[in-house]
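Sequence lines, in order, name chains A and B.
Start counting the first sequence at 3; every next residue gets the next number (this note's numbering).
Start counting the second sequence at 1072; every next residue gets the next number (this note's numbering).
Where is the CB? At the ideal position from N, CA and C, for every residue including glycine.
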Amino acid sequence: MKKKSSAPRQSLGNLLPKLVVAPTFVIAIIFIYGFMLLNAWLSFSSSRLLPTYDWAGTIQYEKLFANDRWWVAAENLLLFGGLFIVICLLLGLFLAIFLDQKIRAEGAIRTIYLYPMALSFIVTGTAWKWILNPELGVQRLVREMGFESFTFDWLVNTEMAIYTVVIAGVWQSSGFVMALCLAGLRGIDDNIIKAAKVDGASMPLIYRKIIIPGLRPVFFSALIVLTHIAIKSFDLIVALTGGGPGFATDVPATFMYTYSFTRGQIGLGSAASMMMLMAVAAIIVPYLYSELRKKKDEH
Amino acid sequence: MSINRVLIYSLLGFVALIYLLPLVVMLITSLKDLDEIRTGTLLSLPQSLNFDAWGKAWGTACTGVSCEGLKGYFWNSVLIVVPAVVISTILGALNGYVLTKWKFKGSDLFFGMLLIGTMIPFQVILLPMARTLGFLGLSGTTSGLIMVHVIYGLAFTTLFFRNYYISIPNELVNAARIDGAGFWLIFWRIIIPVSIPIIVVSVIWQFTQIWNDFLFGVVYSSGDSQPITVALNNLVNTSTGIKEYNVDMAAAIIAALPTLLVYVVAGKYFVKGLTAGAVKG
């Protein structure tokens, strides 16, 4: 009797966990992987205003690579992404090191460094668009201080506008790196540092040789997240420069949006998004690979 | 205090000031009238506290064709955020529970598959999703946006709960199982009571992400269903006559207030959410 009643319960018990995750499984298959494949197909189709699932070979990619605007966007991403990542990492690291010197009011200062991260990039862009306003913004402020000939028109300057995106982006995201590095610094064994001190090592040397190398995994994580933010950055550029002047500050994400949704070039837009996916993959895949290997080594 | 300490403190203080300045400038500007803005500088203080710009941003400013301020869009965002956060957090908790305490063949593979979902640039799914929403009759609706946010938030919430539950000892669950407790009873009695911190992290993360979202909002909503970030961008870029910087700034602060408030009240959890994905992959 007992066996009989527990048998179906057992099988239901085995089935239930799978049933619970089934919706997520189906969602992932359809909305992540299925959509990625559909999008890949679109990028090989002749789609323009409406998506058509036919086969047109690599024509969209050829069009993309012949498009000057695309190359401006790609170049901007390299320039913006490179500067954004390097400045965020350096600034974050130094702020963390300084904050780690038993500072009074550390909590308050940390809160101030990190609050921009809670804001939408649209808010950040709107605020900086006003601050960098070529007439009434920083330029006016400095001129009023007595520097009559000071000019600061980066926002409307084709050559310099991309750097305003870097400024706003760094303001928003460097606090995040600071928080990561600070957590990393707190995790370093004090005894090693004490031992080095006993051996007569100076503090700068200890930082250079022990502490900063110890932060490597943290740096790596921060690098991945920042790269990710850079490649996906869309809202900040829309709000701050609108991709302008002209298309001087276009990035792949704004390029993809413009061509897919306002210019009726869906095939070209999807080809651009596939290029973005490949850029992310080029960074994520080696990272995942090294993480997995690390895990195997640990066991 | 040594000279070094003084240097460190002044440097930290100086940087803190720079980080605060944009917010201060926004606030000052929002309290000025247009004359004061035209004649003063970014940092010149308003003559009097003037909340007209705030009233206009909330109630009568133009966001494209309609001129009803941000208030409707603010509530749109609330209507999108609340269900999306609740649903994605509940599903994430259940997924995390199964993936750590009821592992089955292929569950690790499933988790890895899901993890990739946290990493793809969403541009890759924008076009097929637009088509799908149209097919389901959800184009330009609040429900459509809720669905999109739940779907693409699931990977994150699952990651949070899975990484948290993995540190709950399995013996606890196994002992309960031997005592005859089933899947749901263990979840309610053992797992949920210790989950409060991670629930807070997940809710805050999802709330901030969805409230601040612009990409999905601008692509999948139209007119009356737009979230506040889209409306703010429209408000700033609507060019009808004179540029009202004070209204722009008031509108930006209104759009930022909910997430700022969450950050101030629960900053600790906010940081945990930010680092959870990065440090423990």
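Residue i: which of the options sits nearest, CA to CA?
{"i": "A/Tyr261", "options": "A/Val28, A/Arg71, A/Ala42 and A/Ala24", "result": "A/Arg71"}
{"i": "A/Gly127", "options": "A/Ile239, A/Asn159, A/Arg50 and A/Ile214", "result": "A/Ile239"}
{"i": "A/Tyr35", "options": "B/Trp1173, B/Phe1231, B/Met1190 and B/Leu1113", "result": "B/Met1190"}
{"i": "A/Leu228", "options": "A/Pro25, A/Lys297 and A/Phe82", "result": "A/Phe82"}
{"i": "A/Val237", "options": "B/Val1289, B/Ala1322 and B/Tyr1090", "result": "At residue 237 of chain A the sequence reads Asp, which differs from the Val that was named. If we check each option's Cα against that of A/Asp237, B/Val1289 comes out closest."}
{"i": "B/Ile1187", "options": "B/Ile1281, B/Val1336, B/Thr1229 and B/Ser1238", "result": "B/Thr1229"}
{"i": "B/Gly1111", "options": "A/Arg218, A/Phe149, A/Arg142 and A/Pro247", "result": "A/Arg142"}
{"i": "B/Val1272", "options": "B/Gln1118, B/Val1333, B/Leu1105 and B/Pro1093", "result": "B/Val1333"}
{"i": "B/Ala1322", "options": "B/Cys1133, B/Ser1119 and B/Ile1074", "result": "B/Cys1133"}
{"i": "B/Ser1101", "options": "B/Phe1227, B/Ala1226, B/Gln1118 and B/Ser1293", "result": "B/Gln1118"}
{"i": "B/Gly1106", "options": "A/Leu138, A/Met276 and A/Ile212", "result": "For the sequence presented, residue 1106 of chain B should be read as Asp rather than Gly. Selected option, being the one with the closest Cα: A/Leu138."}
{"i": "B/Val1342", "options": "A/Ser175, A/Glu64 and A/Val144", "result": "A/Ser175"}
{"i": "B/Thr1309", "options": "B/Ser1159, B/Gly1177 and B/Gly1135", "result": "B/Gly1135"}
{"i": "A/Phe178", "options": "B/Phe1122, B/Lys1142 and B/Gly1344", "result": "B/Gly1344"}
{"i": "B/Phe1278", "options": "B/Ser1159, B/Ala1087, B/Ile1267 and B/Asn1305", "result": "B/Ser1159"}
{"i": "B/Thr1300", "options": "B/Ile1263, B/Leu1092 and B/Ser1148", "result": "B/Ser1148"}
{"i": "A/Leu225", "options": "A/Phe86, A/Leu21, A/Ile61 and A/Trp73", "result": "A/Phe86"}
{"i": "B/Asn1075", "options": "A/Ile89, A/Val167, A/Ile31 and A/Phe100", "result": "A/Phe100"}
To the nearest angstrom, report how far apart residue i and residue j are at their CA atoms.
{"i": "B/Val1096", "j": "A/Leu121", "result": "15 Å"}
{"i": "B/Tyr1340", "j": "A/Ala181", "result": "12 Å"}
{"i": "A/Val253", "j": "B/Asn1241", "result": "48 Å"}
{"i": "B/Val1318", "j": "B/Ala1124", "result": "5 Å"}
{"i": "A/Val140", "j": "B/Arg1109", "result": "13 Å"}
{"i": "B/Glu1315", "j": "B/Trp1129", "result": "14 Å"}
{"i": "B/Ala1164", "j": "B/Trp1173", "result": "13 Å"}
{"i": "A/Cys183", "j": "A/Leu294", "result": "23 Å"}
{"i": "A/Asn41", "j": "B/Ile1222", "result": "17 Å"}
{"i": "B/Leu1082", "j": "A/Ile194", "result": "28 Å"}
{"i": "B/Trp1146", "j": "B/Leu1078", "result": "47 Å"}
{"i": "A/Ile231", "j": "B/Ile1237", "result": "28 Å"}
{"i": "A/Leu97", "j": "A/Ala197", "result": "25 Å"}
{"i": "A/Gly94", "j": "A/Phe222", "result": "13 Å"}
{"i": "A/Met280", "j": "A/Ser49", "result": "21 Å"}
{"i": "A/Ile190", "j": "A/Ile208", "result": "12 Å"}
{"i": "A/Arg218", "j": "A/Leu187", "result": "11 Å"}
{"i": "A/Ile212", "j": "A/Met205", "result": "10 Å"}
{"i": "B/Lys1176", "j": "A/Lys20", "result": "10 Å"}
{"i": "A/Lys5", "j": "A/Leu17", "result": "Residue confidence is low: A/Lys5 scores 42 on pLDDT, short of 50, so the model does not pin down where it sits. Its coordinate-derived value is still stated next. Each residue's alpha carbon lies about 18 Å from the other."}
{"i": "A/Met276", "j": "A/Val200", "result": "55 Å"}
{"i": "A/Ala283", "j": "B/Pro1192", "result": "10 Å"}
{"i": "A/Met278", "j": "B/Leu1116", "result": "45 Å"}
{"i": "B/Lys1142", "j": "B/Gly1126", "result": "10 Å"}
Using a Cβ-based criterion (distance less than 7 Å to any ligand heavy atom), does residue i qualify as near the ligand FAD?
{"i": "B/Glu1242", "result": "This structure simply doesn't include the ligand FAD, nor any ligand for that matter."}
Kindly list the residues whose CB is nearer than 7 Å to the CB of residue i, restricted to its own chain and excluding five residues on each side of it in sequence; keep chain order.
{"i": "B/Leu1243", "result": "Ile1261"}
{"i": "A/Arg245", "result": "It should be noted that the sequence gives Gly, not Arg, for residue 245 of chain A. Cβ neighbours of A/Gly245 beyond the five flanking positions: Ile239, Thr251, Asp252 and Thr256."}
{"i": "B/Ala1247", "result": "Ile1257 and Ile1261"}
{"i": "B/Leu1120", "result": "Leu1102"}
{"i": "B/Lys1351", "result": "Confidence in B/Lys1351 is poor, its pLDDT being 40 and thus under 50, which makes the residue's placement unreliable; the coordinate value appears in the next sentence. These residues qualify, in order along the chain: Asn1234."}
{"i": "A/Ala170", "result": "Thr126, Gly127, Trp130, Leu238 and Leu242"}
{"i": "A/Asp102", "result": "Leu184 and Leu187"}
Looking only at its own chain, which residues have a Cβ that is under 8 Å from the Cβ of residue i, when we skip the five neighbours before and after it?
{"i": "B/Thr1131", "result": "Cys1138, Glu1139 and Gly1140"}
{"i": "B/Arg1233", "result": "Asn1166, Gly1167, Leu1170, Thr1171 and Phe1182"}
{"i": "B/Val1219", "result": "Met1200, Leu1204, Phe1287 and Tyr1291"}
{"i": "B/Ile1151", "result": "Thr1213, Leu1216, Ile1217, His1220, Ile1281 and Pro1298"}
{"i": "A/Leu52", "result": "Ile268"}
{"i": "B/Leu1098", "result": "Met1320 and Ile1324"}
{"i": "A/Asn159", "result": "Pro247"}
{"i": "A/Lys297", "result": "none"}
{"i": "A/Leu116", "result": "Gly177, Phe178, Met180 and Ala181"}
{"i": "A/Ala185", "result": "Val220"}
Closest Cβ-Cβ distance between residue i and chain D: below 8 Å?
{"i": "B/Gly1208", "result": "No chain D is present in this structure, whose protein chains are A and B."}
Near residue i, which residues of its chain fall below 6 Å by C-beta distance, leaving aside the five closest residues on each side in sequence?
{"i": "B/Ser1210", "result": "Leu1204"}
{"i": "B/Tyr1090", "result": "none"}
{"i": "A/Ala75", "result": "Asp252, Val253, Pro254 and Phe257"}
{"i": "A/Ser292", "result": "none"}
Would you mind listing the alpha helix (DSSP H) stretches within the stretch 235 to 275 of chain A that are 4+ residues and don't spill past its ends, in chain order? Secondary structure remark: continuous alpha helix (DSSP H) runs of at least 4 residues inside the stretch 235 to 275 of chain A, in chain order: 237 to 242 and 254 to 259.
Sequence ranges, alpha helix (DSSP H) only - wholly within the stretch 149 to 188 of chain A, length at least 4: The qualifying runs are 163 to 188.
For the stretch 148 to 166 of chain A, list every residue whose C-beta sits within 7 Å of some C-beta in chain B, in sequence order. Hits within the stretch: zero.
Entirely enclosed alpha helix (DSSP H) segments - the stretch 10 to 72 of chain A, minimum 4 residues: For the stretch 10 to 72 of chain A, whole alpha helix (DSSP H) runs of length 4 or above, ordered along the chain, are 37 to 45 and 61 to 67.
Against chain B, which members of the stretch 266 to 281 of chain A pass a CB distance test of less than 9 Å? Answer set for the stretch 266 to 281 of chain A: Ile268, Gly271, Ser272, Ala274, Ser275, Met276, Met278, Leu279 and Ala281.
Which residues of the stretch 1272 to 1305 of chain B have a Cβ closer than 9 Å to any Cβ of chain A? Give them in chain order. Near chain A, meaning a CB-to-CB distance below 9 Å, the residues of the stretch 1272 to 1305 of chain B are Thr1279, Trp1282, Asn1283, Asp1284, Phe1285, Leu1286, Val1289, Val1290, Ile1299, Thr1300, Val1301, Leu1303 and Asn1304.
For the stretch 80 to 108 of chain A, which residues have a CB atom closer than 8 Å to at least one CB atom of chain B, in sequence order? Those would be Leu97, Phe100, Leu101, Gln103 and Ile105, in chain order.
Length at least 4, wholly inside the stretch 1234 to 1295 of chain B: the alpha helix (DSSP H) runs in chain order: Listed in chain order, the complete alpha helix (DSSP H) runs (minimum 4 residues) inside the stretch 1234 to 1295 of chain B are 1241 to 1249, 1254 to 1257, 1267 to 1283 and 1286 to 1291.
Select from the stretch 1164 to 1175 of chain B all residues with a C-beta closer than 9 Å to any C-beta belonging to chain A, and list them in chain order. Only Leu1165, Asn1166, Tyr1168, Val1169, Leu1170, Lys1172, Trp1173, Lys1174 and Phe1175 from the stretch 1164 to 1175 of chain B bring a Cβ to less than 9 Å from some Cβ of chain A.
Taking any Cβ of chain B, which residues in the stretch 16 to 30 of chain A have a Cβ under 9 Å from it, in chain order? Considering only beta carbons, the part of the stretch 16 to 30 of chain A lying closer than 9 Å to chain B consists of Asn16, Leu18, Pro19, Lys20, Val22, Val23, Pro25, Thr26, Phe27, Ile29 and Ala30, in chain order.
Against chain B: residues of the stretch 116 to 134 of chain A by CB proximity under 9 Å: Answer in chain order: Leu116, Tyr117, Pro118, Met119, Ala120, Leu121, Ser122, Phe123, Ile124, Val125, Thr126, Gly127, Thr128, Ala129, Trp130, Lys131, Trp132 and Ile133.
Along the stretch 66 to 78 of chain A, where does the CB come closer than 7 Å to a CB of chain B? Name the residues. Within the stretch 66 to 78 of chain A, no residue has a Cβ that lies closer than 7 Å to any Cβ of chain B.
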